[in-house]
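A.B. asks:
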Amino acid sequence: MEENKDKQLDDFVKKVVKNIGLETPSDHFTQSIMSKIAAQKENSTVTIYKPLISKTGWLVLAAITLFLFAFIIFGNLDLNVGWLPSIDQVASYKIDFFDTLKQLRLPNTLVYGLMGLTFFIYVQIIFLKKHLENRYATN
Numbered sequence: 748m749e750e751n752k753d754k755q756l757d758d759f760v761k762k763v764v765k766n767i768g769l770e771t772p773s774d775h776f777t778q779s780i781m782s783k784i785a786a787q788k789e790n791s792t793v794t795i796y797k798p799l800i801s802k803t804g805w806l807v808l809a810a811i812t813l814f815l816f817a818f819i820i821f822g823n824l825d826l827n828v829g830w831l832p833s834i835d836q837v838a839s840y841k842i843d844f845f846d847t848l849k850q851l852r853l854p855n856t857l858v859y860g861l862m863g864l865t866f867f868i869y870v871q872i873i874f875l876k877k878h879l880e881n882r883y884a885t886n
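Residue numbering for the sequence shown is 748 to 886, as defined by the numbering used here.
#1: What are the start and end residues of the alpha helix (DSSP H) that includes K752?
#2: If distances are taken between C-alpha atoms only, which option among K783, S773, L808, P798 comes closest to L879?
#3: Rounded to the nearest angstrom, what separates A809 and T865 at their Cα positions?
#4: Between S779 and S773, is the Cβ-Cβ spacing less than 9 Å?
#5: Out of curiosity, what's the CA-to-CA distance linking I767 and Q755?
#6: Whose C-alpha, out of T812, A786, L769, G822, is nearest the C-alpha of Y869?
#7: Does the Cβ-Cβ distance between F816 and L851 come in under 9 Å?
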């Protein structure tokens with residue numbers, strides 16, 4: 748009984764489609780749809796991707812990191828807080844960067860604190876970047 752209804756319905760649909768025919772889109776259908784999509788994009792308030800850290804920000808972070816590594820390699824890690832005399836040498840006309848850097852003395856705790864801060868800033872940047880990429884990717 749059910750098979751008979753399905754067959755009748757199928758025959759009816761075939762007969763109607765044959766008599767009426769299939770609709771065809773107008774000549775400029777694709778062009779009109781694309782123009783509507785372009786107009787919708789212009790009016791859209793979708794968030795435009797801007798990087799979390801600009802290129803100048805990356806350059807500043809790289810310069811700070813390079814300075815810290817240069818200080819660790821060439822500097823003296825003494826517990827003396829004797830960095831005031833080295834400022835006078837930097838202000839003089841004879842500036843030898845590596846000699847001044849060797850004479851610059853910072854406490855170990857300050858150097859380790861700066862290294863830790865730099866490390867955790869980079870870790871936070873990586874996690875924030877992934878979080879924001881995932882947030883914008885799902886929308």
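Note that beta-carbon positions come from the ideal geometry of N, C-alpha and C, so glycine has one too.
C.D. replies: Looking at the atomic coordinates:
#1: Annotation: the continuous alpha helix (DSSP H) that includes K752 extends over 749-767.
#2: Proximity to L879 across K783, S773, L808, P798 peaks at P798, based on C-alpha coordinates.
#3: C-alpha separation (whole angstroms): 10 Å.
#4: Cβ distance < 9 Å, so S779 and S773 count as in contact.
#5: When the Cα atoms are used, I767 and Q755 turn out to be separated by approximately 18 Å.
#6: Ranked by Cα distance from Y869, the first of T812, A786, L769, G822 is T812.
#7: No Cβ-Cβ contact shorter than 9 Å links F816 with L851.
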